[in-house]
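> The structure follows.
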Amino acid sequence: SIKPLRHYIYKEFAAHLIGYLGEISTDELKNKKYSGYRAGDFIGKFGIEKTCERLLNGIRGGQQVEVNAKGQVIRVLKTVNPKPGYNIYLTIDLELQKKAEELIKDKAGAVVAMDPETGQILALASAPSFDQNDFVSGMSHKKWDSLVSNPFRPMENKVIQGKYPPASTYKIVTAMAGLEEGIIDENTVISCPGYYRYGDRTFRCWKRGGHGSVNIYKALSESCDVFFYQVGQKLGIERLAWYAKACGLGSLTGIDLLHEEKGLVPTAAWKRRRKGVGWQSGETLSVAIGQGYNLATPLQMLVLISAVANGGVRYKPLVLKKVKTAENESIYKFKKEIIGRLPVSNKSLKIIKKGLWKVVNDKRGTAKIVHVDGIDICGKTGTAQVVSFKKGKEISEGDGKIDLRPHAWFVAYAPSDNPKIAISVIVEHGEHGSSTAGPIARELIKTYLFPAS
Numbered sequence: 064s065i066k067p068l069r070h071y072i073y074k075e076f077a078a079h080l081i082g083y084l085g086e087i088s089t090d091e092l093k094n095k096k097y098s099g100y101r102a103g104d105f106i107g108k109f110g111i112e113k114t115c116e117r118l119l120n121g122i123r124g125g126q127q128v129e130v131n132a133k134g135q136v137i138r139v140l141k142t143v144n145p146k147p148g149y150n151i152y153l154t155i156d157l158e159l160q161k162k163a164e165e166l167i168k169d170k171a172g173a174v175v176a177m178d179p180e181t182g183q184i185l186a187l188a189s190a191p192s193f194d195q196n197d198f199v200s201g202m203s204h205k206k207w208d209s210l211v212s213n214p215f216r217p218m219e220n221k222v223i224q225g226k227y228p229p230a231s232t233y234k235i236v237t238a239m240a241g242l243e244e245g246i247i248d249e250n251t252v253i254s255c256p257g258y259y260r261y262g263d264r265t266f267r268c269w270k271r272g273g274h275g276s277v278n279i280y281k282a283l284s285e286s287c288d289v290f291f292y293q294v295g296q297k298l299g300i301e302r303l304a305w306y307a308k309a310c311g312l313g314s315l316t317g318i319d320l321l322h323e324e325k326g327l328v329p330t331a332a333w334k335r336r337r338k339g340v341g342w343q344s345g346e347t348l349s350v351a352i353g354q355g356y357n358l359a360t361p362l363q364m365l366v367l368i369s370a371v372a373n374g375g376v377r378y379k380p381l382v383l384k385k386v387k388t389a390e391n392e393s394i395y396k397f398k399k400e401i402i403g404r405l406p407v408s409n410k411s412l413k414i415i416k417k418g419l420w421k422v423v424n425d426k427r428g429t430a431k432i433v434h435v436d437g438i439d440i441c442g443k444t445g446t447a448q449v450v451s452f453k454k455g456k457e458i459s460e461g462d463g464k465i466d467l468r469p470h471a472w473f474v475a476y477a478p479s480d481n482p483k484i485a486i487s488v489i490v491e492h493g494e495h496g497s498s499t500a501g502p503i504a505r506e507l508i509k510t511y512l513f514p515a516s
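Mind the numbering: the sequence shown is residues 64 to 516 in our numbering, read in order.
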């Protein structure tokens with residue numbers, strides 16, 4: 064008999080999104096989910112191949128026949144014609160996906176872009192990648208071992224499975240909480256000498272010489288740690304955590320891909336339950352700038368920045384656009400889904416958006432390198448420190464080993480009015496969001512808003 068095999072003509076292209084096929088396992092055959100399958104069948108194991116397995120699989124054809132004692136066919140009793148699976152269409156913009164793959168290819172990290180007004184995923188890339196054909200044709204133990212032992216985790220979809228301290232991108236949440244709780248307003252000014260003393264500890268700003276007098280706009284555009292330390296201290300961990308959760312952090316976005324991670328929004332109760340000790344008030348300061356126990360996925364940060372862009376609506380991110388039969392009959396069509404709203408007033412959101420505009424367009428903004436003439440890009444940089452839990456100390460950015468360097472974040476949207484695209488980028492051990500993650504977002508925005516003729 065002839066058995067069709069899937070062939071991925073672009074090899075590593077969009078591997079984490081599309082996924083791959085593999086032979087059904089003994090355990091899977093026992094699962095009711097796979098009733099009707101046989102040993103030797105190939106099924107979706109990862110990505111959209113797995114999510115849409117039943118849609119793509121089709122119906123097996125065959126004949127029911129009557130045979131004699133010698134096993135010879137006497138007559139055909141019933142014929143069942145094979146039925147092809149459905150055709151699925153994704154929300155991905157092909158040129159944007161190509162650009163995303165190109166920009167992240169030689170790095171370890173993730174890039175994901177979305178239409179902030181609908182939730183449609185426009186590009187999704189995770190690096191390093193893998194060749195999907197290896198799973199269909201049969202993979203050697205040596206090849207498999209090289210994939211699973213790779214310290215940069217090519218088999219992980221970092222967009223939905225990578226959990227990182229959100230670093231200064233989290234300051235959007237702290238700013239929102241501070242404004243909504245009346246702790247700060249646009250006229251509040253805090254002095255930053257380069258450090259903040261709290262109890263017997265000194266918490267340093269990334270800018271050792273300090274930022275001087277800082278209001279909310281300057282705090283966001285220049286990413287002043289001291290400003291957000293003080294806002295976080297006054298909020299306390301419970302209020303800060305409430306806003307983070309209301310922004311969608313610590314919970315699944317609901318994307319139509321499997322194995323999404325929740326990340327972590329720390330609270331005093333969580334620490335007591337997990338660590339067996341109480342919360343230290345100084346830990347709130349670290350959380351307020353996106354460090355400490357905070358963990359978020361690139362997709363969670365994308366949904367957050369998209370909601371900021373569109374006025375406060377959190378849309379479910381989806382990659383499935385439509386499903387049609389082989390006869391072109393429509394089975395499913397994308398419809399945007401609201402999963403929540405940011406806990407923020409229009410007044411406060413306007414202040415935050417102005418601050419994010421200054422991040423890119425002010426001469427002292429941390430992402431001024433991202434500025435593009437003719438496009439109002441808004442965004443936020445982040446530098447997530449890598450922590451050595453063994454020694455219980457943070458590693459300085461000057462350490463030479465690449466695996467000790469900070470992760471680089473950048474979240475953005477454009478244009479500032481009527482935004483068409485939102486982006487989340489993380490480069491593992493990329494050190495600075497402005498110099499590594501930011502330019503990736505800039506080039507993607509240019510590609511999407513100014514497509515080649």
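Ideal Cβ placement from N, Cα and C applies to all residues, glycine included.
Rank E116, I81 and E129 by C-alpha distance to the C-alpha of G148 and give the top, closest one.
Here residue 148 refers to the residue found at position 85 of the sequence shown. Checked all of E116, I81 and E129; the closest Cα to G148 is E116.
> With 16 other CB atoms within 10 Å as the buried threshold, where does S98 fall?
The residue you call residue 98 lines up with position 35 of the sequence shown. S98 should be labelled exposed.
> Just to confirm, is the Cβ distance from D178 to K483 under 8 Å?
The residue given as residue 178 occupies position 115 in the sequence shown. The residue given as residue 483 occupies position 420 in the sequence shown. The answer is yes: Cβ separation under 8 Å.
> Smallest Cα separation from Q224: which of T360, I438, K206 and R427?
Here residue 224 refers to the residue found at position 161 of the sequence shown. Considering only alpha carbons, the answer is T360.
> CB-CB under 6 Å to A504, same chain, minus the five flanking residues each way: which ones, in chain order?
Taking the sequence shown and counting its residues from 1, one reaches residue 504 at position 441. Around A504: F473, A475, I486 and V488.
> Buried or exposed: which applies to G262, given that a residue is buried once 16 or more other Cβ atoms fall within 10 Å of its Cβ?
For this step, residue 262 is matched to residue 199 along the sequence shown. Counting C-beta atoms within 10 angstroms of its own C-beta, G262 has fewer than 16 neighbours from the protein chains shown and is therefore classed as exposed.
> Check whether the Cβ atoms of V520 and V143 lie closer than 8 Å to each other.
Lying before the first or after the last residue shown, residue 520 is absent from the chain, which here runs from 64 to 516.
> When the Cα of E346 is compared with those of H322, Y356 and S498, which residue comes out closest?
The residue given as residue 346 occupies position 283 in the sequence shown. Ranking H322, Y356 and S498 by Cα distance to E346 puts Y356 first.
> Buried or exposed for A351, please, with buried defined as at least 16 other CB atoms from any protein chain shown within 10 angstroms of its CB.
On the sequence shown, residue 351 is found 288 positions in, with the first residue counted as 1. A351 is buried by the Cβ-count criterion.
> In this structure, does DSSP put M522 in helix, strand or coil?
The requested residue 522 is not part of the displayed model; the chain covers only 64 to 516.
> Residues in the same chain with beta-carbon distance under 6 Å from Y511, minus the five sequence neighbours each way, listed in chain order, please.
Stepping through the sequence shown from its first residue, residue 511 is reached at position 448. The residues are L159 and I484.
> By a C-beta neighbour count over all protein chains shown, 10 Å radius and 16 as the cutoff for buried, is G125 buried or exposed?
Counting from one through the sequence shown, the residue named residue 125 turns up at place 62. Its Cβ having fewer than 16 others within 10 Å, G125 is exposed.
> Please classify G110: does DSSP put it in a helix, a strand, or coil?
For this step, residue 110 is matched to residue 47 along the sequence shown. In the three-state reduction of the DSSP assignment, G110 falls in the helix class, which pools H, G and I.
> What is the DSSP secondary structure of A77, reduced to helix, strand or coil?
Taking the first residue of the sequence shown as 1, we reach residue 77 at position 14. The answer is coil: DSSP assigns A77 none of H, G, I, E or B.
> Within 8 Å, do at least three Cβ pairs link the stretch 374-394 to the stretch 101-118?
yes
> Since I believe I246 is in contact with L303 (beta carbons under 8 Å), could you give me their beta-carbon distance rounded to a whole number of angstroms?
Taking the sequence shown and counting its residues from 1, one reaches residue 303 at position 240. Taking the sequence shown and counting its residues from 1, one reaches residue 246 at position 183. Not really, about 11 Å apart at Cβ, beyond 8 Å.
> Might you give, ordered along the chain, the residues of its own chain that have their beta carbon closer than 6 Å to the beta carbon of I106, omitting 5 neighbours on each side?
Reading the sequence shown from its first residue, position 43 is the one you call residue 106. Result list for I106: I87 and E116, in chain order.
> Figure out for me which residue from R101, D156 and V376 has the closest Cα to the Cα of V407.
Residue 407 sits at position 344 when you count from the first residue of the sequence shown. It is V376.
> Report yes if the C-beta distance between G445 and A230 is below 8 Å; otherwise report no.
As a first step, residue 445 is located in the sequence shown; it is residue number 382 there, counting from the start. As a first step, residue 230 is located in the sequence shown; it is residue number 167 there, counting from the start. The answer is yes: Cβ separation under 8 Å.
> With DSSP as the reference, label H470 as helix, strand or coil.
Locating residue 470 in the sequence shown gives position 407, counting from the first residue. It is a strand residue.
> Return yes when the Cβ of L358 is within less than 8 Å of the Cβ of Y15, no when it is not.
Shown here, the chain extends from 64 to 516; a query on residue 15 therefore has no answer.
> Please work out which residues of its chain come closer than 6 Å, Cβ to Cβ, to K379, disregarding the five sequence neighbours upstream and downstream, and give them in chain order.
Looking up residue 379 in the sequence shown gives position 316. Same-chain partners within the cutoff: G182, G317, E400 and I402.
> Going by DSSP, which residues form a beta bridge with I484?
Along the sequence shown, one-based indexing puts residue 484 at 421. DSSP, once it has assigned bridges, lists A477 as partnering I484.
> Looking at K443 and T232, is the spacing between their C-beta atoms short of 8 Å?
Your numbering for residue 232 matches position 169 in the sequence shown. Your numbering for residue 443 matches position 380 in the sequence shown. A contact, by the Cβ cut-off of 8 Å.
> Pick out whichever of Y73, N150, H70 and T89 has its Cα sitting closest to the Cα of T388.
On the sequence shown, position 325 is the one that residue 388 refers to. Answer by Cα proximity: N150.
> Taking the beta carbon of F452 as the centre, do at least 16 other beta carbons fall within 10 Å, making it buried, or is it exposed?
The residue given as residue 452 occupies position 389 in the sequence shown. At F452 the pLDDT is 38, less than 50, meaning the model places this residue with poor confidence and gives no usable figure here.
> Please return the same chain residues whose Cβ sits closer than 7 Å to the Cβ of Q363, not counting the five positions on each side in sequence.
Locating residue 363 in the sequence shown gives position 300, where the first residue counts as 1. Listed in chain order, the non-local C-beta contacts of Q363 below 7 Å within the same chain comprise G311, L312, T316 and G326, local neighbours out to five positions each way being set aside.
> What distance in whole Å lies between the Cβ atoms of F291 and K234, which are believed to be in contact at a cut-off of 8 Å?
By 1-based counting over the sequence shown, the position of residue 234 is 171. By 1-based counting over the sequence shown, the position of residue 291 is 228. Right, their Cβ atoms sit about 5 Å apart.
> Could you please give the first and the last residue of the uninterrupted alpha helix (DSSP H) stretch that includes N424?
Position 361 of the sequence shown holds residue 424. First-last of the alpha helix (DSSP H) with N424: N409 to N424.
> For A132 versus I155, is the C-beta distance shorter than 8 Å?
Numbered from 1 along the sequence shown, position 69 holds the residue referred to as residue 132. Numbered from 1 along the sequence shown, position 92 holds the residue referred to as residue 155. Contact: no.
> CA-CA distance, N213 and S284?
Here residue 213 corresponds to residue number 150 of the sequence shown, with the count starting at 1. Here residue 284 corresponds to residue number 221 of the sequence shown, with the count starting at 1. When rounded, the distance between both Cα atoms is 37 Å.
> Using the three-state DSSP reduction, which class does L315 fall into: helix, strand or coil?
Position 252 of the sequence shown holds residue 315. Coil, per DSSP.
> Round the Cβ separation of L320 and I111 to the nearest angstrom and send it over; I've been treating them as touching at under 8 Å.
As a first step, residue 320 must be located in the sequence shown, where it is residue number 257. As a first step, residue 111 must be located in the sequence shown, where it is residue number 48. Going by Cβ atoms, the distance from L320 to I111 rounds to 7 Å, so yes, they are a contact pair.
> Whose C-alpha, out of C287, I415, F76 and A188, is nearest the C-alpha of V371?
As a first step, residue 371 must be located in the sequence shown, where it is residue number 308. Looking at the Cα atoms, I415 is the closest of the given residues.
> Between which two residues does the alpha helix (DSSP H) holding T510 run?
Locating residue 510 in the sequence shown gives position 447, where the first residue counts as 1. Residue range G501 to L512 is occupied by the alpha helix (DSSP H) that includes T510.
> Could you tell me which of R264, F513, K95 and E180 sits nearest to N481, measuring between CA atoms?
In the sequence shown, counting from the first residue as 1, residue 481 sits at position 418. Nearest option by C-alpha distance: E180.
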